[in-house]
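S.K.: Sequential numbering of the sequence shown, starting at 1, is according to full-length UniProt numbering. Glycine is no exception: its CB is placed at the ideal position from the N, C-alpha and C atoms.
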Amino acid sequence: MDNTEAIKKAVTECGYRLYDCASFYKNEEVIGKIIHDLTMESKAIAREDLYVVSKCWWDELTDVEAACRCQLEKLQVEYLDLYLVHWPVALKQTTAEDGTPKFEKVPLPMHKVWAQFEALVDKGLVKSIGVSNFNLQLLWDMLNYARIKPAVNEIELHPYNAQ
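1) Please specify which runs of the beta strand (DSSP E), each continuous and at least 3 residues long, are wholly inside the region 106-136, giving them in chain order.
2) Quick one, which of A6, K105, S128 and V77 has its alpha-carbon nearest V85's?
3) Could you pull out every residue in the same chain whose Cβ sits closer than 8 Å to the Cβ of L136, ignoring the five residues on either side in sequence?
4) Which residue wins for smallest C-alpha separation from L61, given the options K123, V106 and Y145?
5) Would you report the Cα separation of N27 and L75, rounded to the nearest angstrom?
6) Who does H158 pair with in a DSSP beta bridge?
7) What are the boundary residues of the alpha helix (DSSP H) that T4 is part of?
8) How many angstroms separate the CA atom of K43 from the CA atom of V64?
9) For my contact list, V121 and I148 are in at a C-beta cut-off of 8 Å; report their separation, rounded to the angstrom.
10) Measure the alpha-carbon distance for S132 versus W87 and round it to whole angstroms.
11) Could you tell me which residues DSSP puts in a beta bridge with D37?
12) What is the rounded straight-line gap between the Cα of S54 and the Cα of L80?
13) Once you ignore the five residues that flank I45 on each side, which residues in its own chain have a CB closer than 7 Å to its CB?
14) Quick one: residues in its chain with C-beta nearer than 8 Å to the C-beta of L138, no 5 flanking neighbours on either side, listed in chain order?
15) Run the CB neighbour count on F117, radius 10 Å, all protein chains shown included, and call it buried at 16 or more, exposed below.
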């Protein structure tokens, strides 16, 4: 049994219905195959009974629709239930003089990014939109310009990262 089959068997047996994906996680093609097998081939589960989440990484924020369409293709679905801005800043990776990776902030106003996310809802590519790793100030700012308010702020929270 290959890895994809083992994952599919495990998620089917335990009744798993939420798939948390991201281009950064590099899990979309495997999850896409599983979703396709469950909803189209075996018809074991209806697509509307699944909740598919993906995230747009900081290097994709200049063309959110292209990133979303690429993720939809990999996931083999027509829409996402939830699409998140994965990180509140855009960075560009370069190489330092010593050869190590270096990251520089790219000026990209979040209101322009959010407008692209709202357009995805308007086009029916995603059902709801949200953010990830945003602090309170960023959320307050967003409420001033967001036509569609973020449905979710997914944050990392555990004993070593209390917020």
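M.R.: Taking the definition as stated:
1) 126-132
2) S128
3) none
4) V106
5) 9 Å
6) N161
7) N3 to C14
8) The alpha-carbon atoms of K43 and V64 are separated by roughly 31 Å.
9) 6 Å
10) Straight-line Cα distance between these residues: approximately 6 Å.
11) Bridge partners of D37: none, in fact.
12) 7 Å
13) L38 and T39
14) P88, M110 and V131
15) buried
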